[in-house]
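Taken in sequence, the protein lines are chains F and L. The first sequence begins at 162 in our numbering and counts up one residue at a time. The second sequence begins at 162 in our numbering and counts up one residue at a time. Every residue gets a Cβ at the ideal spot worked out from N, C-alpha and C, and that includes glycine. Small disclaimer: the values here were computed from a predicted structure and weren't measured.
2 protein chains.
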Amino acid sequence: MTNEVINLLKSCDGYVSGEEMSQKLHISRAAVWKSINELRGLGYKIEAAPRLGYRIVSSPDKLFSHELEHRLNTKVVGRKVFYEETVSSTMDKAFELAVKGEKEGTVIAAETQTKGRGRMGRVWTSPKGQGIYFSVILRPALSPSDIARLTLLAGVAVCEAIRQVAAVDAKIKWPNDVLIKGKKAVGILTELNAESDRVRFCVIGIGINVNTPLRQLPENATSLKQETGKMHSRIGLAQEVLRRLDVWYDILKMQGFPPVIERWKTLSSTLGRLVRLKDQQNELEGKAVDLDEYGGLMIQTKSGVVVKRMSGDVIEQ
Amino acid sequence: MTNEVINLLKSCDGYVSGEEMSQKLHISRAAVWKSINELRGLGYKIEAAPRLGYRIVSSPDKLFSHELEHRLNTKVVGRKVFYEETVSSTMDKAFELAVKGEKEGTVIAAETQTKGRGRMGRVWTSPKGQGIYFSVILRPALSPSDIARLTLLAGVAVCEAIRQVAAVDAKIKWPNDVLIKGKKAVGILTELNAESDRVRFCVIGIGINVNTPLRQLPENATSLKQETGKMHSRIGLAQEVLRRLDVWYDILKMQGFPPVIERWKTLSSTLGRLVRLKDQQNELEGKAVDLDEYGGLMIQTKSGVVVKRMSGDVIEQ
């Protein structure tokens, strides 16, 4: 009910009378009053003027499902949003839902995670209300070996969204760290559940340090606020990420991976650079010369040989 | 306790007195007697001779954990076995355990599955006590794109075990159907849980129609009994499969996939044959000329072009 009241208030530029709300939503005046108070409790500033009715003065910058869904206009991604103030990890929650058959596109967002995780079992620091933490369930008709490329797609979507919303020159470090001025502001994690040749579902987790103060972040990390000197709307950015993910996911379905790879190349900070790449076995140094069609990084070593790597940690030099 | 009693009885060729069991296992004579009765209830025939003691006359051919573990002598696979008479699916049970951190090598075996599944969401028929139905949890240091080859490894292990135990010319149809005289007697299913570049765990499910009458099987399927004309010990075969899986998994860790690929080629019914391959998009006809290093099937079409396929259903002609 509270969702419907807020949607009605948001859909009007001016005041909406209690009488009008009561009629449109088929609820009593008392129920309207109760919802208004609940919304105020959630952080909405709602003015009540005699005879005119109610008007939203300001909304809290929280990742509420009705805020994320509001005028999102996507085909798949974000059509349904689950919100929790605190969650162990949006990945775990998304996995639980996906195993039970949740449709693709569903998003799980949270203000903070008590056990936020990154790649390789690392921790993802999730200070409350400062960053964006969400996971998206997808059910692409892909094989497990295609998932590295889906992760590139997520990097492209987030990088574009940050450029758009924060007007900053975000770049992608291979495979999918989004950097601002060379420092990591975004973590992207893809996990999947698959048969040997068919993905059943995958979950893309995205963590963005938006307004997070440096002292709440690990070393070498940064936030949008730190790099741009101003606060950014988390809702605005989260919606833009969902829209870009939706667009690129649609392109993937229609045209496959080539456009994703091409776009990734134009956003990359890695290509053309001297890099050191560490993987489980060994270390490699050379110039990152290209991204191949499978998302592998092509590195030209000193001896002139070009080798391809599908995974590892890159240090750009 | 019952496990310990049966192990003690199995470790002796002749009789074991109640007194001896009581002393070795530090239990009362009454507890020995209770265990003997429980074992009889499970299907063990145990002779009791005055003054001599107890002796196993015969064991039921059930996939009890103590039977599968008994003298298995593997490094990893089957070091721990969970047994259930009836389970929805050994895959589901294995996933549950793996998510909670169960070690690699653990096996979940059942006499029947109420929701046994095959690839692509198909059903796997699991008549009670007739076949072998189990899943193995593995935690290989592989990327998701390597899993197709792990599935080939399972095919090799099962094919070798059947040849050994049933003295029949089992062959592998690409990628991992084990055939006897051209008919499918085994289903192998690999499911995984992974990050984009790292498998967290995978579960290999194996279903073998051992003594199953044809009328209990779907069309085109067969059983070992049907093709060899005799009954086979399910425990004996299941143990042999676990041992071969263990050996090949060890080879994989030490030497990578090349020996697996080579062995697969020698066991294959597909290579050298005219085949029709159907995948989600289209159909392809030609001669299966080779298996590449990634487990892809190389098919030479009429025009002479060789194309590679990583997945699909093969019809051998």
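Report the residue from the options whose alpha carbon sits nearest the alpha carbon of residue i.
| i | options | result |
| --- | --- | --- |
| F256/L | R283/L, R300/L, K236/L and S287/L | R300/L |
| V242/L | G262/L, E228/L and S249/L | E228/L |
| K426/L | K332/L, G266/L and V248/L | K332/L |
| K334/F | A327/F, K344/F, A328/F and V326/F | K344/F |
| W409/L | L203/L, V238/L, A449/L and G292/L | V238/L |
| M471/L | R310/L, R376/L, S464/L and D338/L | R310/L |
| G417/L | S464/L, G262/L and A302/L | A302/L |
| D330/L | W194/L, S429/L, D222/L and E208/L | S429/L |
| T251/F | A271/F, K261/F and V260/F | A271/F |
| R324/F | C363/F, A210/F, K469/F and L398/F | L398/F |
| G282/F | P336/L, K223/L, R240/L and V360/L | V360/L |
| C363/L | E380/L, G262/L and I188/L | G262/L |
| V218/F | L258/F, L170/F, T163/F and E230/F | L170/F |
| I188/L | M162/L, D174/L, S172/L and Y176/L | M162/L |
| V339/L | G465/L, K391/L and N381/L | N381/L |
| L224/F | G279/F, P419/F and I369/F | I369/F |
| K349/L | K391/L, N164/L, M392/L and W285/L | The residue you asked about is not Lys; residue 349/L is Ile in the sequence shown. For the residues K391/L, N164/L, M392/L and W285/L, the minimum Cα distance to I349/L belongs to W285/L. |
| H231/F | P420/F, N168/F, C173/F and K414/F | N168/F |
| N164/L | Y176/L, A192/L and A315/L | A192/L |
| T351/L | G279/L, M182/L and E454/L | G279/L |
| L458/F | M182/F, K264/F and N337/F | N337/F |
| V436/L | P420/L, P419/L, K463/L and Q377/L | K463/L |
Using a Cβ cut-off of 8 Å (strictly closer), state whether residue i contacts chain L.
| i | result |
| --- | --- |
| Q416/F | no |
| T482/F | Nothing in the structure corresponds to residue 482/F, since chain F is present only between 162 and 478. |
| M471/F | yes |
| P211/F | no |
| T431/F | no |
| S219/F | no |
| I308/F | yes |
| Q441/F | yes |
Whose C-beta lies closer than 7 Å to the C-beta of residue i among residues of the same chain, with five residues either side of it excluded?
| i | result |
| --- | --- |
| R424/L | V317 |
| D358/F | S304 |
| R405/L | A318, E321 and A322 |
| V402/L | A318, V319, A322 and I367 |
| Y176/L | A210, L213, G214, Y215 and R216 |
| M182/F | V166, L169 and V193 |
Would you say residue i and residue j are within 8 Å of each other, going by their C-beta atoms?
| i | j | result |
| --- | --- | --- |
| E388/L | I460/L | no |
| S287/L | T273/L | yes |
| D407/L | K185/L | no |
| T456/L | I412/L | Just to set this straight, residue 456/L is Gly in the shown sequence, not Thr. Contact: no. |
| L375/F | A327/F | no |
| L200/F | S178/F | no |
| K276/L | S249/L | yes |
| V510/F | I293/F | Residue 510/F lies beyond the range of chain F shown here (162 to 478); nothing can be said about it. |
| V475/F | L438/F | yes |
| S296/L | I365/L | yes |
| L313/L | A355/F | no |
| P221/F | Y205/F | yes |
| L452/F | V468/F | no |
| I298/L | A259/L | yes |
| L233/L | Q442/L | no |
| D440/F | G465/F | no |
| S306/F | S226/L | no |
Is residue i close to chain F, meaning its C-beta is less than 8 Å from at least one C-beta of that chain?
| i | result |
| --- | --- |
| I367/L | no |
| A259/L | no |
| P379/L | no |
Ordered along the chain, which non-local residues of its own chain (more than five positions away) have a Cβ less than 8 Å from that of residue i?
| i | result |
| --- | --- |
| E180/F | R190 and G214 |
| R434/L | K448, A449, E477 and Q478 |
| I197/F | V166, I207, A209 and Y215 |
Got a sec? Which residues, its chain only, sit under 6 Å from residue i by beta carbon, not counting five neighbours each side?
| i | result |
| --- | --- |
| L203/F | none |
| R240/F | G266 |
| T373/F | P288, Q291, G292 and S384 |
Near-chain L residues of the region 350-365 of chain F (beta-carbon distance less than 7 Å), N- to C-terminal order: Those residues of the region 350-365 of chain F placed with their C-beta closer than 7 Å to a C-beta in chain L are L350, T351, E352, L353, N354, A355, E356, S357, D358 and R359, ordered along the chain.
Under 8 Å (Cβ pairs) to chain L, residues found in the region 280-296 of chain F: Listed by position along the chain: R280 and M281.
When you check each C-beta in the region 300-324 of chain L against every C-beta of chain F, which residues fall closer than 7 Å? So the list reads A302, S304, P305, S306, I308, A309 and T312, given in the order they occur along the chain.
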